[in-house]
Amino acid sequence: MAVAGNVYFIMKKEMKNQKKSVLSLILIGFSMGCADIIPGVSGGTIALITGVYESLLQSISSFNLKALLLLWQRKWKEFADYVSLRFISSLIIGILIAVAVMVRLITFLLHTYPIWTWSFFFGIILTSVIFLIRESSCIKWYFWIAFVIGAGFGYWLVDMVPIETPNTPLFFILSGAIAISAMLLPGISGSFILLLLGKYEAVLTAIQNLLTLTALTVSLERLGCLFVGLLLGLLVFSRLLRALLRHFHDITMFTLAGIIFGSIRKLWPWKEIILQKVVHNRVHILQTQNILPNLYNKEFVIALLFIVLGMACIVLLEKVQKK
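If you read the sequence shown in the numbering used here, its first letter stands for residue 679, the second for the next number, and so on.
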């Protein structure tokens, strides 16, 4: 009965999300794109906060043999309905707009006002964890075990130091699969995973070579293998997550909330740099150490105001969602 109730709850929620207006979906996609620009923040977190996460997994996992058959038979309307094309395309449009419009602004804010910017996102993510836990209708003791495990995983992952790995086609496929799987998990950045696997610089170099028409063979091979890995990871891991949410909804939500809570250490506003690396004339911070702020200066007071502002944004979003 509990499983059946969870399945009904998810199906009802997915149907509700499919009826969202195109404008609201584009705005959610825009928010997801802004989150993906932030180092260490995942668009999956925003999808989870805004209530479209499960619908997103459902739409991604529907790209299967049946969808290909509908395309082959030129049944365009049936294909669009089957894969929720309006839903997924609206999110993608919003993400692309955010990347095109906001990347310079957010990069400027992170470099010019880092503590205040990180404080704002810290408030957003911290409050989102509380709201995710509140979604469960019946909280049991073992849910908190799942939360602690998820928090430990998130805490450990964001503190890992990048490693050196081989530049073989197989490892590029594996890197793509792991990176896209991480992006589907709220609280974990796919680009951060590529950095950990030692493939972030190689991917940037391949894209730059492709744009300048140099070393095309190697670049196309690496990007092609990466794309294959992204596709495989997207199709396989999205199905796994969706199955977990259908059959073990509450405990999965607690685990995801734990991952977000553990990875929030990446957003702590006050930190000192331990390890950094220059990639294509840009400094990439690889490892930092959180430090306590100075409680008696103006910067700390303003940072607290931005934390409260971030928390208020989530509360307002929650009220708008209910209405």
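Glycine included, every Cβ here is placed at the ideal spot set by N, Cα and C.
Since residue i sits in a beta bridge, which residues does DSSP pair it with?
i	result
leucine 953	Gln965
Taking 8 Å as the limit between beta carbons, can you name the residues of its chain near residue i, skipping five residues before and five after?
i	result
serine 739	Leu913, Ser916, Arg917 and Arg920
glycine 683	Per-residue confidence for glycine 683 stands at a pLDDT of 43, beneath the threshold of 50, marking its modelled position as unreliable; the derived number appears in the next sentence. Closer than 8 Å at the Cβ level, and outside the excluded window around glycine 683, lies no residue.
glutamate 842	Gly876
serine 762	Gln696, Ser733, Gln736, Ser737 and Ser740
isoleucine 688	At isoleucine 688 the pLDDT is 42, less than 50, meaning the model places this residue with poor confidence and gives no usable figure here.
Nearest-angstrom Cα distance between residue i and residue j?
i	j	result
asparagine 968	glycine 832	16 Å
threonine 790	aspartate 759	45 Å
alanine 824	lysine 997	28 Å
serine 941	lysine 753	43 Å
glutamate 950	threonine 966	6 Å
leucine 888	leucine 701	34 Å
threonine 723	valine 993	15 Å
glycine 804	lysine 976	The sequence shown places leucine at residue 804, rather than the glycine named in the question. Taking the straight line joining both Cα atoms gives about 23 Å.
glycine 640	glutamine 751	As displayed, the chain neither begins before 679 nor continues past 1001, which places residue 640 out of reach and without an answer.
serine 720	isoleucine 952	23 Å
isoleucine 885	leucine 783	23 Å
isoleucine 827	phenylalanine 926	16 Å
methionine 693	leucine 891	Here the model assigns methionine 693 a pLDDT of 47, short of 50, so the residue's position is not dependable, and the following value carries that caveat. Cα to Cα, methionine 693 sits roughly 46 Å from leucine 891.
tryptophan 796	isoleucine 985	9 Å
glutamine 954	alanine 778	26 Å
leucine 863	aspartate 714	12 Å
cysteine 816	glycine 729	19 Å
isoleucine 929	glutamate 879	37 Å
alanine 680	isoleucine 938	Because the pLDDT of alanine 680 is 40, which lies under 50, any placement of that residue in the model is unreliable, and the number read from its coordinates should be weighed accordingly. Spanning the two alpha carbons is a distance of roughly 26 Å.
leucine 810	asparagine 845	39 Å
proline 947	valine 839	20 Å
phenylalanine 978	phenylalanine 765	41 Å
leucine 787	lysine 755	43 Å
Do residue i and residue j have their CB atoms nearer than 8 Å?
i	j	result
isoleucine 793	glycine 988	no
valine 807	alanine 935	yes
phenylalanine 800	leucine 945	yes
glycine 907	phenylalanine 850	yes
leucine 748	phenylalanine 757	yes
leucine 904	serine 853	yes
glutamate 899	proline 847	yes
Determine whether the Cβ of residue i lies closer than 8 Å to any Cβ atom of chain D.
i	result
isoleucine 811	Although the question refers to chain D, the structure presented lacks it and comprises just one protein chain.
Look up residue i in the DSSP assignment and say whether it is helix, strand or coil.
i	result
aspartate 837	coil
alanine 893	coil
leucine 875	coil
leucine 910	helix
valine 807	helix
asparagine 887	helix
arginine 764	helix
leucine 973	coil
arginine 917	helix
glutamate 842	coil
proline 947	coil
alanine 736	Per the sequence shown, the amino acid found at residue 736 is glutamine instead of alanine. Looking at glutamine 736 - three-state DSSP - the assignment turns out to be helix.
lysine 753	coil
proline 792	helix
Which residues in the same chain have their Cβ closer than 6 Å to the Cβ of residue i, if we skip the five residues on either side of it in sequence?
i	result
isoleucine 704	Ser768, Ile771 and Gly772
leucine 1002	Here the chain comprises residues numbered 679 to 1001, so residue 1002 is not present and cannot be evaluated.
isoleucine 775	Phe708
glycine 911	Ala855, Ile858 and Ser859
isoleucine 727	Ser806
Here's a check: name, in chain order, each residue in its chain whose Cβ is nearer than 7 Å to the Cβ of residue i, leaving out the five neighbours to either side.
i	result
glutamate 813	Met931
alanine 725	Met710, Tyr731 and Leu734
glycine 868	Ala857, Ile858, Ala860 and Met861
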